[in-house]
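In the order they appear, the protein sequences are chains A and B.
Numbering-wise (my numbering), the first sequence opens with residue 140 and increments by one.
Numbering-wise (my numbering), the second sequence opens with residue 2 and increments by one.
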Amino acid sequence: DAGVTQSPTHLIKTRGQQVTLRCSPISGHKSVSWYQQVLGQGPQFIFQYYEKEERGRGNFPDRFSARQFPNYSSELNVNALLLGDSALYLCASSLVRGEWTEAFFGQGTRLTVV
Amino acid sequence: SQKIEQNSEALNIQEGKTATLTCNYTNYSPAYLQWYRQDPGRGPVFLLLIRENEKEKRKERLKVTFDTTLKQSLFHITASQPADSATYLCALDTGTASKLTFGTGTRLQVTL
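So, in structure tokens, the structure goes:
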């Protein structure tokens, strides 16, 4: 079984540009979450989508947006890029195990803003 | 404000010894606490989960404790091996693991 796949793996953008990151969850997983991980820090929650609806949003500006498609894949968009947006962007799909949910992370997209 | 703290300095231990990593939190009431392993350039991988009403959980060479009074979790790796070298993250889960709140992680280096 394929794990969570993210594309692209690496990306270099210029300040002010826009970027779209893509994520395919594990087959059968209906929930996708996005995290930003700055070097030396833990991942920070950006969004969660379940069945194409936004279920949670972290403390990120409106320049960040996301959506989920009928096949449960997801895109994260970031507009008007800033140098501080340089980070590893992680996608996680979730499997409900009774009263708790296990998160499976992709390998991430390394975004560098210059 | 809510805060999760892990040892920011790297932990260096000798092969065969027990590694102990600490996760302290304030202003949270997590239902669960999870531990993840992250290798450089890779996404975190789930290791163990412990519930708020559990004191201890074991899995092979791994042991996690959870003290909700002290607001602390300890993560132990016994008989450590060089392959255990990685960054270990604790994450608080309020009941929907789709939103996890992570600590900064502790880098473990196991040497021969």
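Glycine included, C-beta positions come from ideal geometry on N, C-alpha and C.
DSSP state of residue i mapped onto helix, strand, coil
i, result
"L178 of chain A", "coil"
"D224 of chain A", "helix"
"D94 of chain B", "strand"
"A84 of chain B", "helix"
"N13 of chain B", "strand"
"T105 of chain B", "coil"
"D68 of chain B", "strand"
Same chain, Cβ closer than 7 Å to residue i, neighbours up to 5 away in sequence not counted
i, result
"S254 of chain A", "In the structure displayed, chain A extends from 140 to 253; residue 254 of chain A sits before or after that span and is not available."
"P147 of chain A", "T248"
Neighbour-count burial assignment, residue i, 16 or more Cβ in a 10 Å radius
i, result
"V253 of chain A", "exposed"
"V177 of chain A", "exposed"
"G223 of chain A", "exposed"
"A80 of chain B", "exposed"
"R59 of chain B", "exposed"
"L71 of chain B", "exposed"
"Q39 of chain B", "buried"
"R107 of chain B", "The amino acid at residue 107 of chain B is misidentified as Arg; the sequence shows Thr. T107 of chain B is buried by the Cβ-count criterion."
"G104 of chain B", "buried"
"Q82 of chain B", "exposed"
"Q207 of chain A", "buried"
"G245 of chain A", "buried"
"G179 of chain A", "exposed"
"K18 of chain B", "exposed"
"P45 of chain B", "buried"
Contacts around residue i, its chain only, beta-carbon distance under 8 Å, and the 5 residues preceding and following it disregarded
i, result
"Q157 of chain A", "N216, V217, N218, A219 and L220"
"K152 of chain A", "V158, L220, L250, T251, V252 and V253"
Anticipated Cβ contact below 8 Å, residue i with residue j, distance rounded
i, j, result
"S86 of chain B", "V65 of chain B", "Not a contact, Cβ separation roughly 19 Å."
"L34 of chain B", "S9 of chain B", "The Cβ separation is near 19 Å, so there is no contact."
"R194 of chain A", "Q183 of chain A", "No, R194 of chain A and Q183 of chain A are not in contact; Cβ-Cβ is about 17 Å, not under 8 Å."
"L109 of chain B", "L12 of chain B", "5 Å"
"L90 of chain B", "Y29 of chain B", "15 Å between Cβ atoms; not a contact."
Counterpart residues of residue i in DSSP-defined beta bridges
i, result
"H149 of chain A", "A:R249"
"N25 of chain B", "B:E6 and B:Q73"
"A20 of chain B", "B:I78"
"G195 of chain A", "A:Q187"
"E241 of chain A", "A:L234"
Proximal residues to residue i (C-beta, below 6 Å), its chain only, five neighbours per side dropped
i, result
"L160 of chain A", "L215, Y228 and T248"
"T6 of chain B", "Sequence check: residue 6 of chain B is Glu here, not Thr. These residues qualify, in order along the chain: N25."
Residues that residue i contacts on chain D, provided the C-beta gap is smaller than 7 Å
i, result
"L229 of chain A", "Note that chain D does not occur in the displayed structure, where the protein chains are A and B."
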